[in-house]
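All remarks here apply to the structure that follows.
2 protein chains.
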Amino acid sequence: MTNQSSRAGNGLLSALPDEAWLRIQPHLQRVDMPLGQTLYQPGGKLNHVYFPVDAIVSLLYVMQNGDSAEIAVVGHEGIVGIALFMGGESTPSSAVVQSGGYGYRLPSRVIKEEFNASVAVMHLLLRYTQALITQMAQTAVCNRHHTLDQQLCRWLLLSLDRLQGSDLVMTQELIANMLGVRREGVTNAAMNLQRAGLITYARGHIHVVDRLGLEQRTCECYAVVKREYDRLLAPDKLA
Amino acid sequence: MTNQSSRAGNGLLSALPDEAWLRIQPHLQRVDMPLGQTLYQPGGKLNHVYFPVDAIVSLLYVMQNGDSAEIAVVGHEGIVGIALFMGGESTPSSAVVQSGGYGYRLPSRVIKEEFNASVAVMHLLLRYTQALITQMAQTAVCNRHHTLDQQLCRWLLLSLDRLQGSDLVMTQELIANMLGVRREGVTNAAMNLQRAGLITYARGHIHVVDRLGLEQRTCECYAVVKREYDRLLAPDKLA
DNA sequence: CGATGTATGTACGCTAACGCACAGATTGCC
DNA sequence: GGCAATCTGTGCGTTAGCGTACATACATCG
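As they're listed, the protein sequences go chains A and B. Per my numbering, the first sequence runs over residues 1 to 239. Per my numbering, the second sequence runs over residues 1001 to 1239.
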């Protein structure tokens, strides 16, 4: 994954061709993205796309009975609201801020115009979308085959890659909602990781002690996704 | 989902603007797609895209230990090989023919040129891609939350929508690979459905007796995906 | 028509995760 | 400083699906 980026702190914004940046920049609006904020409702009209900087957004599906499951996660490497340029205008899933912070938003009209006006912008956004697709596919595989311990590792790593530092602010209850499992299950998995000396945590604060250990304990899914993000969004591929 | 379509029997080909069809048509090649054929290997170069007609193709991820899980399924409504126009050139998943038949293929170069040459073609393919994304997302949710019985119903319905008639030719072993579960689990689920009078089956042949019953027994995932395909690929939206 | 391979059924113990109920423990607030 | 809310730990019994091993049935082909 592209690391913290120069222009506005978002990887996609940074990768825009200069003239596209100049057109877009006046319409960009810095916004706070507090924990728990819902950016999109299922089926709802999308008025903006969001470029997170130090916030993390979860795309998740909420079932009729209230159970939920995370589909993918978006941070400073990406954009929330691909349905706008993909032509669907809406999606059956929601977008919720999973780690508070800030980002930039852009009116729907502007992103659509830019997508259609510049082939470079289009290709950039489509490559990002393919990376996101890989993440979703791997989430499906992971849900099918891997243990909660492994999935928690993967999830922590995905979050870590999108933050600076090694501390996450999130309760086990929240993580359980994202992974679509019981809160007690997360408690249990987190204790396992703590006993193994990989993390420490207390009341909504998780500190990662041994990142490498997490990478060794997680399933292949994390590496597959990371490799694909690196491949598709490598700096030399970006306009 | 768009039903069996006029032009060449594939929904996307049928929805192409006339002039795009005229450009593409000379490069289309009718190909047999026998059961079990691998169209793409993970990470491999894609030489063609495929438009199934009466074949069904599974996109699936095979893990290092050989376990597998289906990500999505493509039939006469779609195209196999979206990574080509998305700009990635390859994917970590494979594409395998899950129900034998025939389709048409098109050299990579042609689809890429057409994607870039015609805004109508581009928007058509992107809307299809978004529908596919919904299917993948819902697969992840379904893997997390729903019983094998429900998932089998969903899977049968997805297949049924892509075939004419009510008979599927596929062993329980194959279905198990697609769903990423044990063969015995499928045997068990299939017996449940048979006892309920929804299907009959024998040695690799499944006959659906009560489609409505399947729809009632499956989870919401099937309906969510179908609604999204209908919405995004409705005839009046198509060029 | 009998042999061989393939497809399906069955049994049994095992484990991960669930549902529920409740017990600390920490934080923030009045 | 005490109360309330929130967060985390724990202890049940339950269940869906797994791994393994084997049994039966059907189908094809020599």
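C-beta atoms are modelled at their ideal positions from N, C-alpha and C, and glycine is treated no differently. Bear in mind that the values here come from a model prediction, so they are computed numbers and not experimental data.
Neighbour flag for residue 182(A) against chain B, beta carbons, 8 Å: Here residue 182(A) is taken as the residue at index 182 of the first sequence, counted from 1. Taking Cβ atoms only, chain B never reaches closer than 8 Å to residue 182(A), which makes this a no.
Beta-carbon proximity check, residue 160(A) vs residue 211(A), cutoff 8 Å: Working through the first sequence from its first residue, we reach residue 160(A) at position 160. Working through the first sequence from its first residue, we reach residue 211(A) at position 211. For residue 160(A) and residue 211(A), yes; Cβs fall inside 8 Å.
Distance between residue 1029(B) and residue 125(A) (C-alpha atoms, nearest Å): The residue given as residue 125(A) occupies position 125 in the first sequence. The residue given as residue 1029(B) occupies position 29 in the second sequence. Each residue's alpha carbon lies about 31 Å from the other.
Under 7 Å from the C-beta of residue 1143(B): neighbouring residues of chain A: Working through the second sequence from its first residue, we reach residue 1143(B) at position 143. Under the 7 Å cutoff, chain A gives 140, 143, 144.
Start-end ranges of the beta strand (DSSP E) lying completely within the stretch 1063 to 1093 of chain B, minimum 3 residues: Qualifying beta strand (DSSP E) stretches, in chain order: 1068 to 1074.
Within-8 Å CB hit, residue 12(A) to chain B: In the first sequence, residue 12(A) corresponds to position 12, counting from 1. Not one chain B Cβ lies under 8 Å of residue 12(A).
Assigned exposure category for residue 1014(B) - 16 Cβ within 10 Å defines buried: Walking along the second sequence from the start, residue 1014(B) turns up at place 14. Looking at its Cβ environment, which holds 16 or more other Cβ atoms inside 10 Å, residue 1014(B) is buried.
Of the residues 1133(B), 1063(B), 1099(B), the one placed nearest residue 1228(B), counting alpha carbons only: The residue you call residue 1228(B) lines up with position 228 of the second sequence. When 1133(B), 1063(B), 1099(B) are compared, the shortest CA-CA separation from residue 1228(B) is found for 1133(B).
Local Cβ density within 10 Å of residue 1(A), reported as buried at 16 or more and exposed below that: On the first sequence, residue 1(A) is found 1 positions in, with the first residue counted as 1. The predicted model places residue 1(A) with a pLDDT of 47, which falls under 50 and marks its position as unreliable; any figure quoted below should be read in that light. With at least 16 other beta carbons inside 10 angstroms of its own, residue 1(A) counts as buried.
Supposed contact pair residue 1187(B) and residue 1172(B) - C-beta distance, whole angstroms, cut 8 Å: Here residue 1172(B) is taken as the residue at index 172 of the second sequence, counted from 1. Here residue 1187(B) is taken as the residue at index 187 of the second sequence, counted from 1. Here residue 1172(B) really is in contact with residue 1187(B); their C-beta atoms are around 5 Å apart, less than 8 Å.
Host beta strand (DSSP E) of residue 1033(B) (start-end): As a position in the second sequence, residue 1033(B) is number 33, starting the count at 1. Per DSSP, residue 1033(B) belongs to the beta strand (DSSP E) from 1029 to 1033.
Residue of 202(A), 70(A), 213(A) minimising C-alpha distance to residue 242(A): No information on residue 242(A) is available, as it lies outside the stretch 1 to 239 that chain A covers here.
Beta-carbon proximity of residue 960(B) to residue 143(A), cut-off 8 Å: An answer regarding residue 960(B) cannot be provided, because it is not within the stretch 1001 to 1239 covered by chain B.
8 Å Cβ cut-off: residues of chain A touching residue 1067(B): Residue mapping note: residue 1067(B) aligns to position 67 of the second sequence, counting from 1. The contacting residues are 145.
Segment contact, 8 Å Cβ cut-off, at least three pairs: the stretch 1085 to 1092 of chain B with the stretch 1021 to 1038 of chain B: Because the criterion of three Cβ pairs below 8 Å is not met, the stretch 1085 to 1092 of chain B and the stretch 1021 to 1038 of chain B do not touch.
Limits of the alpha helix (DSSP H) - the one that residue 1101(B) falls within: Here residue 1101(B) is taken as the residue at index 101 of the second sequence, counted from 1. If you look at residue 1101(B), you'll find it isn't in any alpha helix (DSSP H); it sits in the beta strand (DSSP E) that goes 1101 to 1107.
Backbone secondary structure at residue 240(A) - three-state DSSP: As displayed, chain A neither begins before 1 nor continues past 239, which places residue 240(A) out of reach and without an answer.
Same chain only: Cβ atoms within 7 Å of residue 961(B), ignoring 5 sequence neighbours per side: Outside the modelled stretch of chain B, which goes from 1001 to 1239, sits residue 961(B), for which no answer is possible.
Closer than 7 Å at the beta carbon, the chain A residues around residue 1220(B): As a first step, residue 1220(B) must be located in the second sequence, where it is residue number 220. 63, 64, listed in chain order.
Beta-carbon spacing of residue 12(A), residue 46(A) below 8 Å: In the first sequence, the residue the question calls residue 12(A) occupies position 12. In the first sequence, the residue the question calls residue 46(A) occupies position 46. If you check the CB distance, residue 12(A) and residue 46(A) do not come in under 8 Å.
Residues of the stretch 115 to 138 of chain A whose Cβ lies closer than 9 Å to any Cβ of chain B, in chain order: Here the close residues are 116, 119, 122, 123, 124, 126, 127, 129, 130, 131, 132, 133, 134, 136, 137, 138.
When 1127(B), 1081(B), 1057(B) are compared against residue 1107(B), the one with the closest alpha-carbon: Position 107 of the second sequence holds residue 1107(B). Comparing Cα positions, the closest option is 1081(B).
Rounded separation between residue 5(A) and residue 18(A) - CA only: Indexing the first sequence from 1 puts residue 5(A) at position 5. Indexing the first sequence from 1 puts residue 18(A) at position 18. Caution applies to residue 5(A), whose pLDDT of 48 falls short of 50 and renders its modelled position unreliable; the value that the coordinates give is listed next. In a straight line, the C-alpha of residue 5(A) is about 15 Å away from that of residue 18(A).
Sequence-distant residues of its chain with Cβ nearer than 7 Å to residue 1177(B) (five each side left out): Sequence index remark: in the second sequence, residue 1177(B) carries index 177 (1-based). Cβ within range, chain order: 1068.
Residues within the stretch 203 to 231 of chain A neighbouring chain B, beta-carbon criterion of under 7 Å: Along the stretch 203 to 231 of chain A, going in chain order, the ones with a CB nearer than 7 Å to a CB of chain B are 220, 224, 228.
Burial state of residue 166(A), where buried means 16 or more other Cβ atoms lie within 10 Å: Against the first sequence, residue 166(A) aligns to sequence position 166. With fewer than 16 other Cβ atoms within 10 Å, it is exposed.
Inter-residue spacing [alpha-carbon to alpha-carbon] between residue 215(A) and residue 162(A): For the purposes of this step, residue 215(A) is taken as residue 215 along the first sequence, with counting starting at 1. For the purposes of this step, residue 162(A) is taken as residue 162 along the first sequence, with counting starting at 1. Computed Cα separation, rounded: 15 Å.
Same chain, Cβ closer than 6 Å to residue 79(A), neighbours up to 5 away in sequence not counted: In the first sequence, the residue the question calls residue 79(A) occupies position 79. 12, 49, 51.
Cutoff 8 Å: residue 108(A) Cβ touching any chain B Cβ: By 1-based counting over the first sequence, the position of residue 108(A) is 108. For residue 108(A), the nearest beta carbon of chain B is not closer than 8 Å to its own beta carbon.
For residue 163(A), three-class secondary structure by DSSP: Mapped onto the first sequence, residue 163(A) falls at position 163. The answer is coil: DSSP assigns residue 163(A) none of H, G, I, E or B.
Under 7 Å from the C-beta of residue 83(A): neighbouring residues of chain B: Walking along the first sequence from the start, residue 83(A) turns up at place 83. Neighbours of residue 83(A) on chain B, chain order: 1130.
Cutoff 8 Å: residue 189(A) Cβ touching any chain B Cβ: Residue mapping note: residue 189(A) aligns to position 189 of the first sequence, counting from 1. No, because no Cβ of chain B sits closer than 8 Å to the Cβ of residue 189(A).
Residues bridged to residue 206(A) (per DSSP): Here residue 206(A) corresponds to residue number 206 of the first sequence, with the count starting at 1. For residue 206(A), which the question treats as bridged, DSSP gives the partners 168(A), 201(A).
Residue-level contact to chain B via CB, residue 93(A), 8 Å cutoff: For the purposes of this step, residue 93(A) is taken as the residue at position 93 of the first sequence. Look at residue 93(A): its C-beta is under 8 Å from a C-beta on chain B.
Other residues of its chain near residue 223(A): CB distance less than 8 Å, five sequence neighbours each side excluded: Mapped onto the first sequence, residue 223(A) falls at position 223. Closer than 8 Å at Cβ, skipping near neighbours: 215.
CA-to-CA distance, residue 1057(B) to residue 96(A), given in whole angstroms: Working through the first sequence from its first residue, we reach residue 96(A) at position 96. Working through the second sequence from its first residue, we reach residue 1057(B) at position 57. If you take the alpha carbons of residue 96(A) and residue 1057(B), they lie about 33 Å apart.
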